[in-house]
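Undergrad:
2 protein chains.
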Amino acid sequence: MFENKEGRTELGSLGEFGLIDLISKSVELKNKETIKGIGDDAAVIDNGNQFTIATTDMLVEGVHFDLTFQPLKHLGYKSIVVNLSDIYAMNATPKQVLVSIALSNRFSVEAVEELYSGIKLACERYGVDLAGGDTTSSTSGLIICVTAIGTADKDQIVYRNGAKEHDLICVSGDLGGAYIGLQLLEREKKVFLENPKIQPELEGSDYILERQLKPEARKDIVEKLHERSIKPTAMIDVSDGLSSDLMHICRQSNVGADIYEDKIPIDPQTDERAREFNLDPTVCALSGGEDYELLFTIRQSDYEKIREHLDVSIIGHITPESSGINLIDKSGTSVKMTAQGWDALLNK
Amino acid sequence: MFENKEGRTELGSLGEFGLIDLISKSVELKNKETIKGIGDDAAVIDNGNQFTIATTDMLVEGVHFDLTFQPLKHLGYKSIVVNLSDIYAMNATPKQVLVSIALSNRFSVEAVEELYSGIKLACERYGVDLAGGDTTSSTSGLIICVTAIGTADKDQIVYRNGAKEHDLICVSGDLGGAYIGLQLLEREKKVFLENPKIQPELEGSDYILERQLKPEARKDIVEKLHERSIKPTAMIDVSDGLSSDLMHICRQSNVGADIYEDKIPIDPQTDERAREFNLDPTVCALSGGEDYELLFTIRQSDYEKIREHLDVSIIGHITPESSGINLIDKSGTSVKMTAQGWDALLNK
Numbered sequence: 056m057f058e059n060k061e062g063r064t065e066l067g068s069l070g071e072f073g074l075i076d077l078i079s080k081s082v083e084l085k086n087k088e089t090i091k092g093i094g095d096d097a098a099v100i101d102n103g104n105q106f107t108i109a110t111t112d113m114l115v116e117g118v119h120f121d122l123t124f125q126p127l128k129h130l131g132y133k134s135i136v137v138n139l140s141d142i143y144a145m146n147a148t149p150k151q152v153l154v155s156i157a158l159s160n161r162f163s164v165e166a167v168e169e170l171y172s173g174i175k176l177a178c179e180r181y182g183v184d185l186a187g188g189d190t191t192s193s194t195s196g197l198i199i200c201v202t203a204i205g206t207a208d209k210d211q212i213v214y215r216n217g218a219k220e221h222d223l224i225c226v227s228g229d230l231g232g233a234y235i236g237l238q239l240l241e242r243e244k245k246v247f248l249e250n251p252k253i254q255p256e257l258e259g260s261d262y263i264l265e266r267q268l269k270p271e272a273r274k275d276i277v278e279k280l281h282e283r284s285i286k287p288t289a290m291i292d293v294s295d296g297l298s299s300d301l302m303h304i305c306r307q308s309n310v311g312a313d314i315y316e317d318k319i320p321i322d323p324q325t326d327e328r329a330r331e332f333n334l335d336p337t338v339c340a341l342s343g344g345e346d347y348e349l350l351f352t353i354r355q356s357d358y359e360k361i362r363e364h365l366d367v368s369i370i371g372h373i374t375p376e377s378s379g380i381n382l383i384d385k386s387g388t389s390v391k392m393t394a395q396g397w398d399a400l401l402n403k
Numbered sequence: 056m057f058e059n060k061e062g063r064t065e066l067g068s069l070g071e072f073g074l075i076d077l078i079s080k081s082v083e084l085k086n087k088e089t090i091k092g093i094g095d096d097a098a099v100i101d102n103g104n105q106f107t108i109a110t111t112d113m114l115v116e117g118v119h120f121d122l123t124f125q126p127l128k129h130l131g132y133k134s135i136v137v138n139l140s141d142i143y144a145m146n147a148t149p150k151q152v153l154v155s156i157a158l159s160n161r162f163s164v165e166a167v168e169e170l171y172s173g174i175k176l177a178c179e180r181y182g183v184d185l186a187g188g189d190t191t192s193s194t195s196g197l198i199i200c201v202t203a204i205g206t207a208d209k210d211q212i213v214y215r216n217g218a219k220e221h222d223l224i225c226v227s228g229d230l231g232g233a234y235i236g237l238q239l240l241e242r243e244k245k246v247f248l249e250n251p252k253i254q255p256e257l258e259g260s261d262y263i264l265e266r267q268l269k270p271e272a273r274k275d276i277v278e279k280l281h282e283r284s285i286k287p288t289a290m291i292d293v294s295d296g297l298s299s300d301l302m303h304i305c306r307q308s309n310v311g312a313d314i315y316e317d318k319i320p321i322d323p324q325t326d327e328r329a330r331e332f333n334l335d336p337t338v339c340a341l342s343g344g345e346d347y348e349l350l351f352t353i354r355q356s357d358y359e360k361i362r363e364h365l366d367v368s369i370i371g372h373i374t375p376e377s378s379g380i381n382l383i384d385k386s387g388t389s390v391k392m393t394a395q396g397w398d399a400l401l402n403k
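Those protein sequences? They're chains Z and A, same order as listed.
Going by our numbering, the first residue of the first sequence is number 56, and it counts up by one from there.
Going by our numbering, the first residue of the second sequence is number 56, and it counts up by one from there.
1. Taking its Cβ as the centre, do 16 or more other Cβ atoms sit within 10 Å of A:Gln267, making it buried, or is it exposed?
2. So, do the segment 141 to 149 of chain Z and the segment 186 to 199 of chain Z have three or more beta carbon pairs nearer to each other than 8 Å?
3. Would a check of beta-carbon distances place A:Met145 closer than 8 Å to chain Z?
4. Which residues of chain Z have a Cβ atom closer than 8 Å to the Cβ of A:Met290, listed in chain order?
5. Among all the DSSP beta bridges, which residues are the ones paired with Z:Asn381?
6. When you compare only the Cα positions, how much space is there between Z:Met392 and A:Thr123?
7. Would you say A:Ile373 and A:Glu220 are within 8 Å of each other, going by their C-beta atoms?
8. I'd like the span of the beta strand (DSSP E) that includes Z:Met113, first residue to last.
9. Less than 8 Å between the C-beta atoms of A:Ile291 and A:Ile304, yes or no?
10. Given a cut-off of 8 Å, decide if A:Gly173 and A:His119 are closer than it, judged by their beta-carbon atoms.
11. Between the alpha carbons of A:Glu249 and A:Ser140, how many angstroms are there, rounded?
12. With distance defined between alpha-carbon atoms, name the residue in A:Leu382, A:Gly62 and A:Asn309 nearest to A:Leu341.
13. Kindly indicate which residue of Z:Gly131, Z:Cys178, Z:Arg215 and Z:Tyr143 has the alpha-carbon position closest to the one of Z:Ile156.
14. Quick check on Z:Thr89 - is its C-beta less than 8 Å from some C-beta in chain A?
15. Only counting runs of 4 or more residues, tell me where the alpha helix (DSSP H) segments fall wholly within the segment 67 to 147 of chain Z, in order along the chain.
16. What does Z:Phe120 touch in chain A if you count any residue whose Cβ is under 9 Å from its own?
17. Is it the case that the segment 221 to 237 of chain A contacts the segment 284 to 300 of chain A, given that we only count it when at least three CB pairs across the two stretches are under 8 Å?
18. What residue does the alpha helix (DSSP H) around Z:Ala289 start on, and which one ends it?
19. How should A:Lys269 be labelled, buried or exposed, when 16 other C-beta atoms within 10 angstroms of its C-beta is the threshold for buried?
20. Please list, in chain order, the chain A residues whose beta carbon lies closer than 8 Å to that of Z:Asn102.
21. From this set, Z:Thr107, Z:Ala218 and Z:Ala166, which residue's C-alpha is nearest A:Leu74's C-alpha?
22. Classify A:Gln254 as helix, strand or coil using the three-state DSSP reduction.
23. Name the chain A residues that come within less than 8 Å of Z:Phe351, Cβ to Cβ?
24. With burial defined as no fewer than 16 other Cβ atoms inside 10 Å of the residue's Cβ, what is the status of A:Pro336: buried or exposed?
25. At 8 Å on the CB atoms, spell out the chain Z contacts of A:Asp112, in chain order.
26. Quick check on DSSP: helix, strand or coil for Z:Pro149?
27. So, at 7 Å on beta carbons, what are the nonlocal neighbours of Z:Leu69 in its own chain, with the 5 sequence-adjacent residues on each side left out?
28. To which residues does DSSP link Z:His372 through a beta bridge?
29. Check whether the Cβ atoms of A:Tyr347 and A:Val115 lie closer than 8 Å to each other.
30. Would you list, in chain order, the members of the segment 71 to 86 of chain A that have their beta-carbon closer than 9 Å to a beta-carbon of chain Z?
31. Residues of chain A with CB closer than 7 Å to the CB of Z:Ser63, please, in chain order.
32. Is the shortest distance between the beta-carbon of Z:Ser227 and the beta-carbons of chain A less than 8 Å?
33. Could you check the C-alpha separation between Z:Ile90 and A:Asn102 for me, to the nearest Å?
34. Using only the alpha-carbon positions, how far apart do A:Asn333 and A:Gln238 sit?
35. My parser needs the beta strand (DSSP E) runs of 3 or more residues fully inside the segment 197 to 251 of chain Z; what are they?
36. Tell me, please, whether the CB atom of A:Gln151 is closer than 8 Å to any CB atom in chain Z?
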């Protein structure tokens, strides 16, 4: 009765970031305790003593995961990890999670137990408490919504907007693996659907499969930065791809960036499998996403402190806003990176 | 590849509470800050200064709402209110919400704006900040997951487990209206689908329609209790129906209860429409749910303080656990209330 067909604007015309802009417009924060609202990895709340950090993410079957190759236990694990990653990206410590699930009667009690065994395993490994949630039925498929809540000393929170000219751009671990893992799983699924008797060829791809199916959040990096008294000037977790996530930092900090292709950390297995798929490993790192590594900027004076014994690569530096965001490729040519990230780069 | 068809137990065999038991088994709280985990209206976190309260709820199209008669603006409003209601039920004040939505491309940008106009209106009315969230696509329909975060002085939190023998059982507002509102909407939808030319007969039913489509959380009651220095001994919001929610209090407090049919507050419009549907208004109040009123217990010594000027009815008192939970009907007969609540009572 209430559907309006006139003056319709398609959602696709906005894109996810346009949609977020639409939602956040005219949102005014009224409570003095709300330090940071929409627009960072997590919300920041002043509890009078420390800051409380809260973030939420929704995973939808058929959009974010495919149960033909995603074991439920790993899915449960991943659903927690991706939220904890947002808390770590604020330089904070996650303490509690709330987990809501909607599921159709296609799922058995045993399936729910599998899912929660992964959720509980992640909670145990990261020292967080499963403190609540909601369970409901769905008309189709499985939807998981996780809220993670953490804490940090007031002077330790790191936002996306603090990067300054000359700061060094750092990234933990390596990139692109989760994306190549997904390509591999989708290829083997296709083969399997065409001929269920053929065994999937997944041998020797453990690392990239785990990057996709059971990623970890970089708790260790946040702890090590803290031990060495390094407070990043800006930080984000790499969920959309290096290119997109670097753009978030640059836009919010009003700066530009130069990053060097030969400094981008790519695991040999990622490199090898990418080439099998005729994909450029650098493009996978820039645009693949789901790596859940930490991308952050530090002052040049912290260079000596970070140089050794940390699983961190320095991939470039912050420039003035007017310089834009550039990739210096292996031949030394500077290529302007575009806002489209993902699609634009994969089709270049 | 990972689906297991053997040893399958159907979800329906557990029911929602069985499912919650399954999920919460073997959950141990590890962080000293986590004061209360699964099992109350919300989680309680010690932030060193006050308590932080957090709750989350998921609403699924086709399960919790029907867009043929639920205007998107009202749906947005309701999705916030039902979560705030859980915070108030802890005797706390909500401060922030995080809103995650998944939606298919059936929805236009204008539809999303409608939805968020309701979300923002509720935030404004209740003084809470829309502080974050997630937007994603879904393969079918609309899913909304809201997390509400609030605060309370440490000594003011009210759990479900504090009711004591002789305490008075109180409920705010009136019950059963939301359920009858839904019956009316479903009847008119059926008529409309059979003959779209017939105008829906909704006149004179404003109150019960609003109870269903755009409920309010009882912020005012929590504030008034506070003003009068009444701290309930136990509290819950009426989301599943008086019968179910009273059982939660009794089970967790290890007590019984006697409630009086003639004391249960029912609005004249609810009463009238229920009879048109050949439904017993008392059964609608006991089992209908979605009223978002507050059900709470107070010490007898607080009776004088609550008696006047508050939209609260005293409907019974707490008894020893061995007495069970009983409804004293209008003829004076005591009827034992069963755990099934909803289904069992509607079919009695």
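Where is the CB? At the ideal position from N, CA and C, for every residue including glycine.
TA: The relevant details are as follows:
1. buried
2. no
3. no
4. Residues of chain Z passing the Cβ test: none, with the nearest at roughly 17 Å.
5. Z:Asp313 and Z:Lys391
6. 45 Å
7. yes
8. Phe106 to Val115
9. In terms of Cβ geometry, A:Ile291 and A:Ile304 form a close pair [threshold 8 Å].
10. no
11. Approximately 37 Å between the Cα atoms of the pair.
12. A:Leu382
13. Z:Gly131
14. Yes - at least one Cβ of chain A is within 8 Å of the one on Z:Thr89.
15. The segment 67 to 147 of chain Z is shown to contain whole alpha helix (DSSP H) runs of 4 or more residues at 70 to 79 and 127 to 143, in chain order.
16. Here the premise fails: no neighbours, minimum Cβ distance about 12 Å.
17. yes
18. Counting along the chain, Z:Ala289 falls outside any alpha helix (DSSP H), though it belongs to the beta strand (DSSP E) covering Ala289 to Asp292.
19. Per the 10 Å Cβ criterion, buried.
20. Asn102, Gly103, Asn104, Gln105, Thr107 and Thr206
21. Z:Ala166
22. coil
23. Near Z:Phe351 there are no residues of chain A at all, since even the closest Cβ is about 20 Å away, more than 8 Å.
24. buried
25. Ser155 and Asp189
26. In this structure, Z:Pro149 counts as strand in the three-state DSSP scheme.
27. Correct list, in chain order: Leu77.
28. Partner(s): Z:Leu223 and Z:Asp313.
29. no
30. Glu71, Gly73, Leu74, Ile75, Leu77, Ile78, Ser79, Ser81, Val82, Glu83, Leu84, Lys85 and Asn86
31. Note that residue 63 of chain Z is Arg in the sequence shown here, rather than Ser. Under the 7 Å cutoff, chain A gives Ser163 and Glu165.
32. no
33. 16 Å
34. 11 Å
35. 197 to 207 and 223 to 227
36. yes
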